[in-house]
Amino acid sequence: MIKTLLFICAFLAATAGLTFANAKVGETAPNFTLPDTNGKTRSLADFKGKFVVLEWYQPDCPFVGKHYRSGNMQSLQKEYTAKGVVWLSIDSSAPGEQGNYPAEQLNKIASRDSAARTALLLDPAGDVGRLYGAKTTPDMYIIDPKGTLVYEGAIDDKRSTDLADVKTATNYVKVALDAVMNGKAVPAPATRPYGCSVKYASN
Amino acid sequence: MLPLCAGLPETGNQKRFEPICAKLLEDDKGSFALNRLTTGGYRFEGKEIVMRELLFRTVQYAGLLVSLAVLCQESAEAQLYNGKELVKPSLVADVDAIQPGQKFRVGVLYRIEPGWHIYWKYSGDSGIPTKIQWQFPEGFKVQDLQWPLPQREKEPGDLEVFDYVSEVLLFADIEAPAKLPAEPISIQAKTDWLVCQNLCVPGHAQLSLNLSGGANAASGSVQIFQKYASLVPKELPAQMKIGFSRVGNDLEISVGGAPAGAPLDFFPVPPSDAVISHVVRDGNKLTVPIETEVKPIKQMDGVLVVGSGESRAGYEVNDHSIIAAVQPEGPTGPAGFRGILQALGFAMIGGLILNVMPCVLPVISLKIFGFVSEAGGRPERAFRLSMAFSLGIISCFALLAVIVVLLKAAGAQVGWGFQFQDYRFIVFIACLIFAFALNLFGVYELSVSAQATQGLAALASGHGYGGAFFQGVFATILATPCTAPFLGTASAFAFAQPGWVTFMIFLFIGLGMALPYLLLAINPKWLRHLPKPGDWMLRLKQVLGFLLIATLLWLAWILGQMRGADAIVRLGAILLIIAILAWIKGSFWTPVSSLRSRILAVVSMLCVLLLAAGAYGFVTRPSQLVWQQFSQATLDKALASGRPVFVDFTADWCITCKTNERFAIDTPKVRQEFSKRNVIALKADWTTGDPEITEILKKHGRAGVPMYLVYPSGSKEAQPVLLPELITSQTVLDALNKT
Numbered sequence: 001m002i003k004t005l006l007f008i009c010a011f012l013a014a015t016a017g018l019t020f021a022n023a024k025v026g027e028t029a030p031n032f033t034l035p036d037t038n039g040k041t042r043s044l045a046d047f048k049g050k051f052v053v054l055e056w057y058q059p060d061c062p063f064v065g066k067h068y069r070s071g072n073m074q075s076l077q078k079e080y081t082a083k084g085v086v087w088l089s090i091d092s093s094a095p096g097e098q099g100n101y102p103a104e105q106l107n108k109i110a111s112r113d114s115a116a117r118t119a120l121l122l123d124p125a126g127d128v129g130r131l132y133g134a135k136t137t138p139d140m141y142i143i144d145p146k147g148t149l150v151y152e153g154a155i156d157d158k159r160s161t162d163l164a165d166v167k168t169a170t171n172y173v174k175v176a177l178d179a180v181m182n183g184k185a186v187p188a189p190a191t192r193p194y195g196c197s198v199k200y201a202s203n
Numbered sequence: 204m205l206p207l208c209a210g211l212p213e214t215g216n217q218k219r220f221e222p223i224c225a226k227l228l229e230d231d232k233g234s235f236a237l238n239r240l241t242t243g244g245y246r247f248e249g250k251e252i253v254m255r256e257l258l259f260r261t262v263q264y265a266g267l268l269v270s271l272a273v274l275c276q277e278s279a280e281a282q283l284y285n286g287k288e289l290v291k292p293s294l295v296a297d298v299d300a301i302q303p304g305q306k307f308r309v310g311v312l313y314r315i316e317p318g319w320h321i322y323w324k325y326s327g328d329s330g331i332p333t334k335i336q337w338q339f340p341e342g343f344k345v346q347d348l349q350w351p352l353p354q355r356e357k358e359p360g361d362l363e364v365f366d367y368v369s370e371v372l373l374f375a376d377i378e379a380p381a382k383l384p385a386e387p388i389s390i391q392a393k394t395d396w397l398v399c400q401n402l403c404v405p406g407h408a409q410l411s412l413n414l415s416g417g418a419n420a421a422s423g424s425v426q427i428f429q430k431y432a433s434l435v436p437k438e439l440p441a442q443m444k445i446g447f448s449r450v451g452n453d454l455e456i457s458v459g460g461a462p463a464g465a466p467l468d469f470f471p472v473p474p475s476d477a478v479i480s481h482v483v484r485d486g487n488k489l490t491v492p493i494e495t496e497v498k499p500i501k502q503m504d505g506v507l508v509v510g511s512g513e514s515r516a517g518y519e520v521n522d523h524s525i526i527a528a529v530q531p532e533g534p535t536g537p538a539g540f541r542g543i544l545q546a547l548g549f550a551m552i553g554g555l556i557l558n559v560m561p562c563v564l565p566v567i568s569l570k571i572f573g574f575v576s577e578a579g580g581r582p583e584r585a586f587r588l589s590m591a592f593s594l595g596i597i598s599c600f601a602l603l604a605v606i607v608v609l610l611k612a613a614g615a616q617v618g619w620g621f622q623f624q625d626y627r628f629i630v631f632i633a634c635l636i637f638a639f640a641l642n643l644f645g646v647y648e649l650s651v652s653a654q655a656t657q658g659l660a661a662l663a664s665g666h667g668y669g670g671a672f673f674q675g676v677f678a679t680i681l682a683t684p685c686t687a688p689f690l691g692t693a694s695a696f697a698f699a700q701p702g703w704v705t706f707m708i709f710l711f712i713g714l715g716m717a718l719p720y721l722l723l724a725i726n727p728k729w730l731r732h733l734p735k736p737g738d739w740m741l742r743l744k745q746v747l748g749f750l751l752i753a754t755l756l757w758l759a760w761i762l763g764q765m766r767g768a769d770a771i772v773r774l775g776a777i778l779l780i781i782a783i784l785a786w787i788k789g790s791f792w793t794p795v796s797s798l799r800s801r802i803l804a805v806v807s808m809l810c811v812l813l814l815a816a817g818a819y820g821f822v823t824r825p826s827q828l829v830w831q832q833f834s835q836a837t838l839d840k841a842l843a844s845g846r847p848v849f850v851d852f853t854a855d856w857c858i859t860c861k862t863n864e865r866f867a868i869d870t871p872k873v874r875q876e877f878s879k880r881n882v883i884a885l886k887a888d889w890t891t892g893d894p895e896i897t898e899i900l901k902k903h904g905r906a907g908v909p910m911y912l913v914y915p916s917g918s919k920e921a922q923p924v925l926l927p928e929l930i931t932s933q934t935v936l937d938a939l940n941k942t
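Chains A and B, in that order, give the protein sequences.
By this note's numbering, the letter at position 115 of the first sequence is numbered 115, and the numbering carries on one by one without gaps.
By this note's numbering, the letter at position 2 of the second sequence is numbered 205, and the numbering carries on one by one without gaps.
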């Protein structure tokens, strides 16, 4: 009887202390450490005090292509890194899957695209992708200087691969960044991301 | 065919090249299908194949092509994937010729390369829905696109999508106008899709089809239309019911009347501004976890899927089908006018019955004698006094009605649906009824607080009409220990009714209860017809208790229909707890109990609740580890992958196994370590005594479960570490470290 009671107490304590893995808007964004394409180790904790954008990325996805070929993503990167925002693109493609390239190749693609991100991080094991519950490329996350996740979801509201849609779309990331950087609440703090699936390893 | 010409996407060059391409297409053996002007739009990195194709064509169409090839390069690379046309769309109709006003069907038939898929109207975690934009001549009525039932597929990383493989027809019902346009009647469809395998390629096509006017002639595509029309979700059959309820972030769906044993599934079509997680399937219970919503989601469109494999059937879930399901089975839903009259009649009878409760009946004659003597021989004054007394009774009930209506409104504000379609409401009523039945059986007594009694007694001590009114109030409240079981039950049922019906029902209960006073005040001589108080009242109370238990059975049956047999057992468990609590109250917390006894009562009640909550969590908490089902083959494969492997030999009936899983294996520490080391977790379920598992248990010298094997190094020759039967998280971690 006493043993059962102890078990139940332990259980209650355990459930109370449990936190779920998936990042949630309004909660602290989980920390992670990944190497970037230049061999430097980057940790989310290093950027405390700054706004951080996480962009799930893999170059061969047509949805990613839409935002890079139209120049949309680069201009966002340029605009906000100039304002002190840290922009981390994360490639969670598993080895052998689409979008998994050696670092040099990714650097080449980055210079071809004139990408203006802070760093491109390599997550071939998919751990950070799973930690954040990243589903698609692109899938966007914004973290405020306190380390709280303030936005997660789609880059914009036109769910297509059509380059022309970029001009007429409402860019959720821009709207969210402009709001939080001016001390306002994000109007739509979570949206449904769209794109190719993140190419996690199949077991 | 002619990858070169088709597609011309995104460059704005399309218009310029269309004439040239049309010419080329005609030249190309003249065999191209009329209904395909342009197709495709694939992008990919490797261009070799297309370049080869280009070279070949260049030779073929020398002069014309030299310039075209240069200008067309972007469109050409956007055509094929590794030389394959991944999706071949064609525009088809079920008729060749149409007559004015005729109904027919037009659709796009997608033939999909093996291994690839295109998406349903809700694509799931990734992908985008296939899109069709119709263009008909004026006057044609085009209905919504019909989507055959897709399949639910998992992609790596626990991503879930709804898709079509190999072939699908998306079609719409069309109605021709009374006056047909000039022939040929040209129908256009612009379609966009995303086709994915491990990778995704977007495509689009502009299709056209010509129909002639004339006698109705079925086309060669009729069979295809029949095939796919039969796969489109149907209307929910009358005997099936679907209900939604919100529990925190979960939208719970209950399905009633589904064929026994058939697995149920729900393919959701969430609003575009909402983010949802995967539907959790558990018997007759389906749950859609809502991650983000802009407007509160109380129900969701989608498709209810019954059965699996070849025999599965899809049923459309929309506003219409949900409303259809709300139709009551018994006196449950909002009632019609006749139903309401009936309910009011019963309410009055119920109120009348309240008068024979042990605490009420003895009062009646006292009161009547009181009025008669106060009236001093003036019958009309006696009648007015009893009117005032009755009014006091009725106002009590009116107040109760107002409280119920307000509670209901407040509940609706916070998203509680007081409906019989909501299983939680049924559970709530069942608990209430059971508690009252226990009261009627005498397990415990209800009592009115002493202060309230004194205050009211002071008010009621006055004479005249005011005094009589408050005596009515006083009598009603004093009677609550006897009447509460019925009033409580009535209130619970009244929750499911519109506010004014609730109000009327309570007024009539009050009227019923006041009726004897009104009648007897008219003629006090009738008092002798009143039954004498006695033991029979107690017996009657107990008999009424059995009636409540019968009602409980009916509720349990409804709950079982909605949530399956498990739900009835769970309800039984809750009722058991209520019984224990009621027994504690009746035994240790009575008006004569000492303070010590009362404290003991409260402490033991809390203990019971704590134990119950713990047991509930223990039974229902889902595993957060990702388990694969064990078989020797999976184990061999897992070992071959070089990753560490953990095998849990368990069974549903094995308490030690479940305890270990909860407190030693499925803990944050172990989960973290598992994900860090990329451990493959296998679950060998011995619940039904699988012989393959029995064999392995024997091999390791065990007669039964639990048994835990850890292969730390992950190599095939490695000997597994055999863990003891009772383990802690540390045991598991240590075993993993033994490399």
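Glycine residues also receive a C-beta, built at the ideal position from the N, C-alpha and C atoms.
In its own chain, which residues sit with a C-beta less than 8 Å from the C-beta of residue i, not counting the 5 before and 5 after it?
{"i": "Q831 (chain B)", "result": "T837, A841, I883, A884, L885, K886"}
{"i": "L547 (chain B)", "result": "M707, I708, F711"}
Does any CB atom of chain A fall closer than 8 Å to the CB of residue i?
{"i": "P405 (chain B)", "result": "yes"}
{"i": "D504 (chain B)", "result": "no"}
{"i": "L402 (chain B)", "result": "yes"}
{"i": "V478 (chain B)", "result": "yes"}
{"i": "G318 (chain B)", "result": "no"}
{"i": "C857 (chain B)", "result": "no"}
{"i": "I315 (chain B)", "result": "no"}
Using a 10 Å radius around the Cβ and a threshold of 16 neighbouring Cβ atoms, would you call residue i buried or exposed?
{"i": "R946 (chain B)", "result": "This structure gives no information on residue 946 (chain B), because the portion of chain B shown stretches from 204 to 942."}
{"i": "G446 (chain B)", "result": "buried"}
{"i": "I606 (chain B)", "result": "exposed"}
{"i": "K146 (chain A)", "result": "exposed"}
{"i": "D851 (chain B)", "result": "buried"}
{"i": "E583 (chain B)", "result": "exposed"}
{"i": "C860 (chain B)", "result": "buried"}
{"i": "S399 (chain B)", "result": "It is worth fixing the name first, because residue 399 (chain B) is Cys in this sequence and not Ser. Result: buried."}
{"i": "G436 (chain B)", "result": "Checking the sequence shown, residue 436 (chain B) turns out to be Pro, not Gly. Buried is the call here."}
{"i": "A724 (chain B)", "result": "buried"}
{"i": "I597 (chain B)", "result": "buried"}
{"i": "R210 (chain A)", "result": "This structure cannot settle anything about residue 210 (chain A), because the visible part of chain A is limited to 1 through 203."}
{"i": "N863 (chain B)", "result": "buried"}
At least one CB of chain B closer than 8 Å to the CB of residue i: is that the case?
{"i": "K83 (chain A)", "result": "no"}
{"i": "I194 (chain A)", "result": "The sequence as given places Tyr at residue 194 (chain A); Ile does not occur at that position. Closer than 8 Å: yes."}
{"i": "A115 (chain A)", "result": "no"}
{"i": "T191 (chain A)", "result": "yes"}
{"i": "P62 (chain A)", "result": "yes"}
{"i": "V198 (chain A)", "result": "yes"}
{"i": "T136 (chain A)", "result": "yes"}
By Cβ distance, which residues of its chain are closer than 7 Å to residue i, with the 5 residues on each side in sequence left out?
{"i": "Y914 (chain B)", "result": "L842, P847, V848, A921, P923"}
{"i": "L174 (chain B)", "result": "Nothing about residue 174 (chain B) can be read from this structure; chain B reaches only from 204 to 942."}
Can we count residue i as close to the ligand GDP, meaning its CB is less than 7 Å from some heavy atom?
{"i": "G153 (chain A)", "result": "For the structure depicted, the ligand GDP is absent and the ligand set is empty, with no information on it obtainable."}
Using a Cβ-Cβ cut-off of 6 Å (strictly less than) and excluding sequence neighbours within five positions of residue i, which residues of its own chain qualify?
{"i": "K78 (chain A)", "result": "A116"}
{"i": "G416 (chain B)", "result": "L383, E386"}
{"i": "Q346 (chain B)", "result": "A375, D376"}
Are any of the Cβ atoms in chain D nearer than 8 Å to that of residue i?
{"i": "G304 (chain B)", "result": "Chain labels in this structure do not include chain D; the protein chains are A and B."}
| If contact means a Cβ-Cβ distance below 9 Å, which residues of the stretch 159-170 of chain A contact chain B? | R159, S160, T161, D162, L163, A164
| query | Taking Cβ-Cβ distances below 9 Å as the criterion, which residues of the stretch 345-373 of chain B are in contact with chain A? | reply | Listed by position along the chain: E358, P359, G360, D361, L362, V364.
| message | At a CB distance below 9 Å, what residues from the stretch 23-36 of chain A approach chain B? Give them in sequence order. | response | Flagged, chain order: K24, V25.
| field | Inter-stretch contact (C-beta, 8 Å, three-pair minimum) for the stretch 93-100 of chain A and the stretch 170-179 of chain A | value | no
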